[in-house]
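Below: the structure, in structure tokens.
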Amino acid sequence: MAEPERFIARHVSGLPRSGIRDFFEVVAKMRDVISLGIGEPDFVTPWHVREAAIYALERGRTHYTSNLGTIELRRAISAYLARHFGPEYRPEDEILVTVGVSEALDLALRALLNPGDKVLYHQPCYVSYMPGIRLAHAEPVPVATRAEDCFAIDPEVLEAAWTPGCKVLLLNLPCNPTGGVTDREPLERIARFAVEKDLLVISDEIYGELTFEGTHVSLAGLPGMRDRTLLLHGVSKAFAMTGFRIGYACGPAALIEAMMKVHQYSMMCAPILSQDAAREALTRGEDSMLRMREQYLRRRELVVRRFREAGLGCHTPGGAFYAFPDIRSTGLDERQFALRLLEEEKVAVVPGTAFGADGAGFVRASFATGYDRLIEACDRIERFAGRVAAGGMA
Amino acid sequence: MNAVLELLLEGEAHEPERLAAILGLELGEVRRQLAELSENGVLLGWRPVLNPEARGDREVRAVIEVKITPERDGGFNRLAERIGRFDEVESCHLMSGGYDLLVFVKGRSLHDVATFVSERLATIEGVVSTATHFLLRSYKEQGYFLGVPEQERRRLQVSP
Chain P
58 MAEPERFIAR HVSGLPRSGI RDFFEVVAKM RDVISLGIGE PDFVTPWHVR
108 EAAIYALERG RTHYTSNLGT IELRRAISAY LARHFGPEYR PEDEILVTVG
158 VSEALDLALR ALLNPGDKVL YHQPCYVSYM PGIRLAHAEP VPVATRAEDC
208 FAIDPEVLEA AWTPGCKVLL LNLPCNPTGG VTDREPLERI ARFAVEKDLL
258 VISDEIYGEL TFEGTHVSLA GLPGMRDRTL LLHGVSKAFA MTGFRIGYAC
308 GPAALIEAMM KVHQYSMMCA PILSQDAARE ALTRGEDSML RMREQYLRRR
358 ELVVRRFREA GLGCHTPGGA FYAFPDIRST GLDERQFALR LLEEEKVAVV
408 PGTAFGADGA GFVRASFATG YDRLIEACDR IERFAGRVAA GGMA
Chain G
32 MNAVLELLLE GEAHEPERLA AILGLELGEV RRQLAELSEN GVLLGWRPVL
82 NPEARGDREV RAVIEVKITP ERDGGFNRLA ERIGRFDEVE SCHLMSGGYD
132 LLVFVKGRSL HDVATFVSER LATIEGVVST ATHFLLRSYK EQGYFLGVPE
182 QERRRLQVSP
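Sequence lines, in order, name chains P and G.
When we follow the numbering used here, the leftmost residue of the first sequence carries the number 58, and every step to the right adds one.
When we follow the numbering used here, the leftmost residue of the second sequence carries the number 32, and every step to the right adds one.
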């Protein structure tokens, strides 16, 4: 049958493919590439966590769980958040366990938005934000963040971007891809603005533990915010558990109930083995997590220093495990830079525009990679940048 | 703790050049910190961690539980030091519980180790008894696995 495309829904066919996916296909065709394009920890999940999953399997823990997730995991989440993030949530009806934060975000957007509602979010940002908003039939309203602010959110820029019809503010701090964080004071101003404009805030804090200066400020803990915030978090990044696919959403019971409805009719529940492993991570994983954070911190110092020595502008990312250097001094755009770096030096970085138009002129370089490869990649980037600046080709 | 020592303990690197590259320190500064660690008696020395099987090593290792009589001055220290000085002794520890010293020894053969225990160790004045256990196989040594398959660490080359 010809033209099966005609069956595809308009809002899906109009959706661009992820720039990450495009770039992946280029990289996958090459051999011996050092990739700084990987958005997950290089550490293997701590053994005690993997062992908990094995134990669950041995005991025959292979069935569905409550739609909300096991009560044991929800209790562990509640205790963990109260201790590390501040806000307190009732395990019984204020916490929903999801398949990664990706699902939690999708549920939140679908549960909250009516067609035509607007969502404020900062850019550059995680690849699924704009498409997720569109899939919920809502309208994305990007707010630019800038390198000169280390990609912190400027409340003034946010306030200026507001238009009537804005219902949700979507935040990701620390931010993938920029590593941007925002201090308590501007966050408090953003919180006041959210109250004034009656915005519901979806706060994706998946990199919260990986905050390198000071402590992470959870938006839900700020005055007046608890009842208008959905806190999204998970175990993927801090505990190196990406493949387990465990995230969670916390917030007012009515909103969690609404998200649970979508979850129950689409996903039913997160995998039980992963839930047991996540519980182990949250109750006994702090030491492993702190050891990994130490390493990310040292790698951050290494990568930022080396990029600057290579003549690239590079702010110090306040969190997560990404550097987001400014490559405009090379005279190339972000896509040319990434493609030529890949072809000429076999190093993969992700063009900043994969994370929105405001990523133009930047690339994302993950430092979740061992020292050997990281140093070799930096050597190659330095050689490449020097050659390009001198007007040379390979 | 100094930065060099932290990195050494992670086992990520030990060559001064590598340590300097990771930490962004001058090579001279790394050497200074290493020297300081040695001078302060913190860093005692360097040893490779080997897999004896891979090396075709026929050496025999044993763990010996030793009961000794503590002395009025110095308790267990003098005897522990005396035992530790034998070349055959790799390490020597004072333990709580049913015996006093746990001594790791190695020799070229079972006979070597047996001779060491019966003729040298057991005959020291103050040694009350010994119980010798021979090591059959090692699985993990100094944080390294021996002959256990590598962990699978393949990730997608590019991911969000």
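Ideal Cβ positions, reconstructed from N, Cα and C, are used throughout, including at glycine.
Just how far apart, CA to CA, sit residue 109 of chain P and residue 333 of chain P?
7 Å
So is residue 423 of chain P in contact with chain G if we call contact Cβ pairs under 7 Å?
no
If we define contact as Cβ-Cβ less than 7 Å, is residue 81 of chain P a contact residue for chain G?
yes
With DSSP run on the structure shown, which of helix, strand or coil describes residue 239 of chain P?
coil
Please state if the CB of residue 256 of chain P and the CB of residue 519 of chain P are separated by a distance shorter than 7 Å.
The question about residue 519 of chain P has no answer, for chain P in this structure spans 58 to 451.
So which residues of chain P does residue 182 of chain G contact, with C-beta pairs closer than 9 Å?
101
Beta-carbon proximity check, residue 202 of chain P vs residue 210 of chain P, cutoff 7 Å:
yes
May I have a chain-ordered list of the alpha helix (DSSP H) segments no shorter than 4 residues that lie completely inside the region 115-170 of chain P?
128-141, 157-169
Less than 7 Å between C-beta atoms, sequence neighbours within five positions excluded: which residues of the same chain meet that for residue 294 of chain P?
98, 263, 264, 267
Simplified DSSP state of residue 247 of chain P, which is helix, strand or coil:
helix
Is there a Cβ from chain P that is less than 7 Å from the Cβ of residue 96 of chain G?
no
Spatially closest choice to residue 320 of chain P from P:273, P:162, P:116, P:402, by CA coordinates
P:162
Residues of chain G with a CB under 7 Å from the CB of residue 407 of chain P: which are they?
189
Enumerate in chain order the residues of its own chain whose CB-to-CB distance from residue 174 of chain P is below 6 Å, with the five nearest sequence positions on each side excluded.
195, 224
Within its chain, find whatever has a CB closer than 6 Å to the CB of residue 399 of chain P; leave out the 5 residues flanking it on each side and keep chain order.
405
Partners in chain G for residue 244 of chain P, counting only beta-carbon separations shorter than 9 Å
By Cβ distance, chain G contributes nothing, its closest Cβ being about 25 Å from residue 244 of chain P, past 9 Å.
So residue 164 of chain P and residue 335 of chain P are supposed to be a Cβ contact under 8 Å. How far apart are they, rounded?
The Cβ separation is near 18 Å, so there is no contact.
I'd like to check one pair, residue 182 of chain P with residue 413 of chain P: are the Cβ atoms closer than 7 Å?
yes
Listed by chain order, chain P residues near residue 43 of chain G by CB distance under 7 Å
428
Between P:315, P:442, P:360, P:135, which lies nearest to residue 386 of chain P when the distance is taken from Cα to Cα?
P:442
Name the chain G residues whose beta carbon is nearer than 7 Å to that of residue 92 of chain P?
188, 189
Which one of P:389, P:361, P:159, P:390 has the shortest CA to CA distance from residue 453 of chain P?
Residue 453 of chain P lies beyond the residue range present for chain P, which begins at 58 and ends at 451; the question has no answer from this structure.
Proximity test, Cβ basis, 7 Å: residue 5 of chain P and chain G:
The displayed coordinates of chain P run from 58 to 451. Any statement about residue 5 of chain P would go beyond what the structure contains.
What does residue 230 of chain P touch in chain G if you count any residue whose Cβ is under 7 Å from its own?
Simply none; closest approach about 17 Å.
List the residues that DSSP assigns as beta-bridge partners of residue 172 of chain G.
G:175
Chain G contact residues for residue 75 of chain P, given Cβ-Cβ distances below 9 Å:
191
Just how far apart, CA to CA, sit residue 30 of chain G and residue 124 of chain G?
The requested residue 30 of chain G does not occur in the structure, where chain G is confined to residues 32 to 191.
How close, in whole Å, do the beta carbons of residue 276 of chain P and residue 282 of chain P come, if the pair is a contact with beta carbons under 8 Å?
6 Å
With a 10 Å radius around its C-beta and 16 neighbouring C-beta atoms as the bar for buried, classify residue 352 of chain P as buried or exposed.
buried
Taking only beta-carbon positions, decide if residue 359 of chain P is within less than 7 Å of chain G.
yes
To the nearest angstrom, how far is the alpha carbon of residue 272 of chain P from that of residue 240 of chain P?
10 Å
For residue 104 of chain G, count neighbouring Cβ atoms within 10 angstroms of its own Cβ and tell me buried if that reaches 16, exposed if not.
exposed
Of all Cβ atoms in chain P, is any one closer than 7 Å to the Cβ of residue 55 of chain G?
yes
Cβ neighbours of residue 172 of chain P in the same chain (closer than 6 Å, five flanking residues each side left out):
194
Whose CA, out of P:166, P:330, P:133, lies closest to the CA of residue 147 of chain P?
P:133
Within the 7 Å Cβ cut-off, does residue 362 of chain P reach chain G?
yes
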